[in-house]
Amino acid sequence: MLIDTHAHVMYSQPGADDSAQRTLDAAYVEAADALGIDLLVISCPMVPKPTPPEVFRHANDLVLDAMAKWPGKIWLTTYVNPGWPREALAEIDRTMAATDDMVALKLLRDYSCADPVCFPVVERCIELGLVIIIHQAHHTKLPPDYPYPKVDAADVVELARRYPEAKIIADHIGGGGDWEWTIKTLAEAPNVFQEISGSQFDEGCLEMMLEYLGVERMVFACDCSISSSVGKFQALPCSDEEKEKIGSANFLQLCGRL
Amino acid sequence: MIIDSNAYLGHWAFRRLRYNTGEGLLELMDRVGIDRACVSSASAIMYRNSHAGNEELLEEIDEHRERLIPFAVLNPTYPGWERDLRWCKETLGAKGLRLYPPYHDYGLDEDCCHEMVDAAAELGMVIEIPITVHDLRQSHWLVEVLPVAANDIAVLVADHPAAKFVILQGNGFAGSELVTQLEQLPANYWFEMSLQDSYYRKELQQMKASVGAERLVFGTGICFRYPESAFVRMEGLQATAGEKEMIFSGNMLGLLGDE
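Chain order of the listed sequences is A and B. Residues in the first sequence are numbered consecutively from -16, following my numbering. Residues in the second sequence are numbered consecutively from 165, following my numbering.
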């Protein structure tokens, strides 16, 4: 079994013509089918920032719509802005009630995951057994006008040390940043998993992940870079059993579904 | 046959490369079924005297010439490039020349660049221009190098209709003059596909529709990158067997004069 643990549907404004976005969503599912990806764990966090509650609610509804359109193909990663704590917690509850297949929470670009504003939603995830999926990358050259909080593996590790019982996945090792820095930073945080997605497919990256993190802490994902990520997965110097762990079993275990 | 138009050996200043010898590259090629590869020195990109990388390349490929096709790397702002180019043609047996304007601090519109392109074309060498070497977001803190602008390449190819160019490691070409002015520009440039997706956003599919299979060439970026991803892109490309054969080898064989 192969699970893309980091997939997206495209955001569209309520009531707007969304044909382009829905066409892309269909293309993603079609590509997944063609490449043998059995399950997509989808969020919709690429929305205007800072994200107000009505936007993250609508974004999650778009994923729920996709789940209805492709039954059995999609699990939900709920996205919230923790800066709206009451609404964020309510949205976690709402989406959990809406589907049995809400398995994770996404944090992306509203705050650093180590910011105390995130702690209430993290604590709720721990309570509910949800995986926390954190957008991060160590970009060595952020532009001075970069509009989002910096979030890299050091922030992820800070959160992980504060909450050792949290189940955390760090996003996209191939997301363009210094992956050697990221892997070495994550090495000492045993409750952090690293997924392999991203547009970059630098030779040697997976081998370093295996050395520092081990098979048990690696997770397959694409983050819309499907060809790059599937190619990387094919390149993994692992046994079939180890690939099964990275491809699905590690994530299923995190979700309590193995 | 599969020809990789975009391969490297040697060292890269900012991270360790594996499979970066002639033997290593062959091992990687055998893993995925690449028959031949156009290979240049990665070290030459950052060496002040790029030609030293060409000399190292000779040591690595000399016993593997049936599979490793040497490409030179030279800096037209550095003294002696004319002599080095001749050495690359005559001694290294280089079939092509790779240009790195941002790394070597010149523009594609500068006289020195025009002179070197003319000289290489005169020698029958293919000119390859990598848009990037690595993702900008992983740049070393002391060094920031921007990508080559596709529209600058459009001007260069128009100025040198007798030369043959391959554009490596780029994507997002749809709005560039290389695509929008395709009919007006000379048909003397090809696109390597290693960063163009064929699933989901389908850029490779769109490039085939825009420029035709006859203007695309297969490449991987080894040993900087995993070769498997390029093969996944080719699997996803909707094309006839004949078109795929052109991309995998036919077009590059024609460019190399091995048709």
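Yeah, the Cβ is synthetic: ideal placement off N, Cα and C, and Gly gets one too. Source: prediction; values computed, not measured.
Minimum C-alpha distance to residue i - residue among the options
| i | options | result |
| --- | --- | --- |
| residue 178 of chain B | B/381, B/409, B/297 and B/198 | B/297 |
| residue 189 of chain B | B/222, B/232, B/217 and B/176 | B/232 |
| residue 13 of chain A | B/408, B/400 and B/422 | B/400 |
| residue 24 of chain A | A/211, A/178 and A/210 | A/178 |
| residue 462 of chain B | B/336, B/326 and B/311 | In the structure displayed, chain B extends from 165 to 423; residue 462 of chain B sits before or after that span and is not available. |
| residue 225 of chain A | A/211, A/212, A/210 and A/203 | A/203 |
| residue 226 of chain B | B/398, B/255 and B/214 | B/255 |
| residue 370 of chain B | B/318, B/402 and B/204 | B/402 |
| residue 195 of chain A | A/167, A/140 and A/221 | A/167 |
| residue 195 of chain B | B/284, B/214, B/166 and B/288 | B/166 |
| residue 446 of chain B | B/339, B/278 and B/304 | The structure shown has nothing for residue 446 of chain B, since chain B only spans 165 to 423. |
| residue 295 of chain B | B/281, B/280 and B/359 | B/359 |
| residue 82 of chain A | A/104, A/54 and A/16 | A/54 |
| residue 72 of chain A | A/228, A/223, A/27 and A/113 | A/113 |
| residue 57 of chain A | A/90, A/6, A/70 and A/-9 | A/-9 |
| residue 252 of chain B | B/265, B/343 and B/214 | B/214 |
| residue 331 of chain B | B/197, B/310 and B/293 | B/293 |
| residue 258 of chain B | B/265, B/376 and B/238 | B/238 |
| residue 35 of chain A | A/70, A/10 and A/86 | A/70 |
| residue 115 of chain A | A/174, A/128, A/122 and A/124 | A/174 |
| residue 149 of chain A | A/182, A/41, A/96 and A/212 | A/96 |
| residue 238 of chain A | A/4, A/141 and A/85 | A/85 |
Presumed contact (8 Å Cβ cut-off) between residue i and residue j, rounded CB distance
| i | j | result |
| --- | --- | --- |
| residue 394 of chain B | residue 382 of chain B | 7 Å |
| residue 176 of chain A | residue 200 of chain A | 5 Å |
| residue 241 of chain B | residue 275 of chain B | Wrong, their Cβ atoms sit about 10 Å apart, outside the cutoff. |
| residue 147 of chain A | residue 94 of chain A | About 21 Å separates the two Cβ atoms, so there is no contact after all. |
| residue 61 of chain A | residue 74 of chain A | 6 Å |
| residue 206 of chain B | residue 175 of chain B | 6 Å |
| residue 191 of chain A | residue 163 of chain A | 6 Å |
| residue 171 of chain B | residue 202 of chain B | 6 Å |
| residue 169 of chain B | residue 356 of chain B | 5 Å |
| residue -13 of chain A | residue 388 of chain B | With 8 Å as the limit, residue -13 of chain A and residue 388 of chain B do not qualify as a contact, their Cβ atoms being about 25 Å apart. |
Exposure of residue i, with buried meaning 16 or more beta-carbon neighbours within 10 Å
| i | result |
| --- | --- |
| residue 245 of chain B | buried |
| residue 154 of chain A | buried |
| residue 182 of chain B | exposed |
| residue 302 of chain B | buried |
| residue 348 of chain B | exposed |
| residue 206 of chain A | buried |
| residue 230 of chain B | exposed |
| residue 210 of chain A | buried |
| residue -16 of chain A | exposed |
| residue 180 of chain A | buried |
| residue 134 of chain A | buried |
| residue 158 of chain A | buried |
| residue 362 of chain B | buried |
| residue 231 of chain A | buried |
| residue 305 of chain B | exposed |
| residue 8 of chain A | buried |
| residue 321 of chain B | buried |
| residue 421 of chain B | exposed |
| residue 396 of chain B | buried |
| residue 78 of chain A | buried |
| residue -1 of chain A | exposed |
| residue 310 of chain B | exposed |
| residue 273 of chain B | exposed |
| residue 391 of chain B | buried |
(message) By the 9 Å beta-carbon criterion, what residues does the region 205 to 224 of chain A contribute toward chain B?
(response) 205, 207, 208, 209, 210, 211, 212, 213, 214, 215, 216, 217 and 218
(message) Which residues of the region 110 to 125 of chain A have a Cβ closer than 9 Å to any Cβ of chain B? Give them in chain order.
(response) 120, 121, 122, 123, 124 and 125
(request) Within the region 201 to 255 of chain B, note down every full beta strand (DSSP E) run reaching 3 residues or more, in order along the chain. (result) 232 to 237
(message) What are the residues in the region 180 to 193 of chain A lying within 7 Å of chain E by C-beta distance?
(response) Absent from the structure is chain E; the protein chains it does hold are A and B.
(request) Give, in chain order, every residue of the region 9 to 26 of chain A whose Cβ lies closer than 9 Å to some Cβ of chain B. (result) Within the region 9 to 26 of chain A, the qualifying residues are 10, 11, 13, 14, 15, 17 and 18.
(request) Taking a Cβ distance cut-off of 7 Å, strictly less, list which residues of the region 249 to 282 of chain B are near chain A, in chain order. (result) Residues passing the 7 Å Cβ filter: none.
(message) In chain order, what are the residue ranges of uninterrupted alpha helix (DSSP H) at least 4 long that sit wholly in the region 90 to 175 of chain A?
(response) 102 to 111, 136 to 145 and 162 to 169
(request) Kindly provide the ranges of any beta strand (DSSP E) runs that are 3 or more residues long and lie completely inside the region 39 to 89 of chain A, ordered along the chain. (result) 57 to 62
(request) Go through the region 332 to 398 of chain B residue by residue and report every complete run of the beta strand (DSSP E) that reaches 3 residues or more, in order. (result) Fully enclosed beta strand (DSSP E) runs of 3 or longer: 353 to 356.
(request) For the region 198 to 218 of chain B, enumerate the residues whose C-beta is nearer than 7 Å to any C-beta of chain A, in chain order. (result) Within the region 198 to 218 of chain B, no residue qualifies.
(message) Residues of the region 346 to 363 of chain B in Cβ contact with chain A at a cutoff of 7 Å, in chain order, please.
(response) 361, 362 and 363
(request) Quick one: which residues of the region 384 to 397 of chain B get their C-beta closer than 9 Å to a C-beta of chain A? List them in chain order. (result) 385, 386, 387, 388, 389, 390, 391, 392, 393, 394, 395, 396 and 397
(message) Ignoring anything shorter than 4 residues, give me the alpha helix (DSSP H) runs that lie fully in the region 164 to 239 of chain A, in order along the chain.
(response) As far as the region 164 to 239 of chain A is concerned, its whole alpha helix (DSSP H) runs of at least 4 residues are 188 to 195, 209 to 218, 223 to 227 and 233 to 238.
(request) Closer than 8 Å, Cβ to Cβ, to anything on chain B: give me those residues from the region -5 to 8 of chain A, in chain order. (result) 7
(message) Along the region 294 to 313 of chain B, where does the CB come closer than 8 Å to a CB of chain A? Name the residues.
(response) 298, 299, 300, 301, 302, 303, 304, 305 and 308
(request) Using a Cβ-Cβ cut-off of less than 8 Å, give me the residues of the region 165 to 184 of chain B that come near chain A, in sequence order. (result) 179, 180, 181, 182 and 183
(request) Check distances from the C-beta atoms of the region 396 to 414 of chain B to those of chain A and list, in chain order, the residues that come in under 7 Å. (result) 396, 397 and 400
(request) Below 7 Å between beta carbons is the criterion; list the residues of the region 146 to 160 of chain A that meet it against any residue of chain B, in chain order. (result) 159 and 160
(message) For a minimum of 4 consecutive residues, which ranges assigned as the alpha helix (DSSP H) are wholly contained in the region 268 to 318 of chain B?
(response) DSSP assignment within the region 268 to 318 of chain B yields the following whole alpha helix (DSSP H) runs of 4 residues or more, N-terminal first: 275 to 286.
(request) Compile a chain-ordered list of the residues in the region 62 to 94 of chain A whose CB is closer than 7 Å to at least one CB of chain B. (result) The region 62 to 94 of chain A vs chain B, Cβ under 7 Å: nothing.
(request) Select from the region 159 to 175 of chain A all residues with a C-beta closer than 8 Å to any C-beta belonging to chain B, and list them in chain order. (result) 159, 160, 161, 162 and 163
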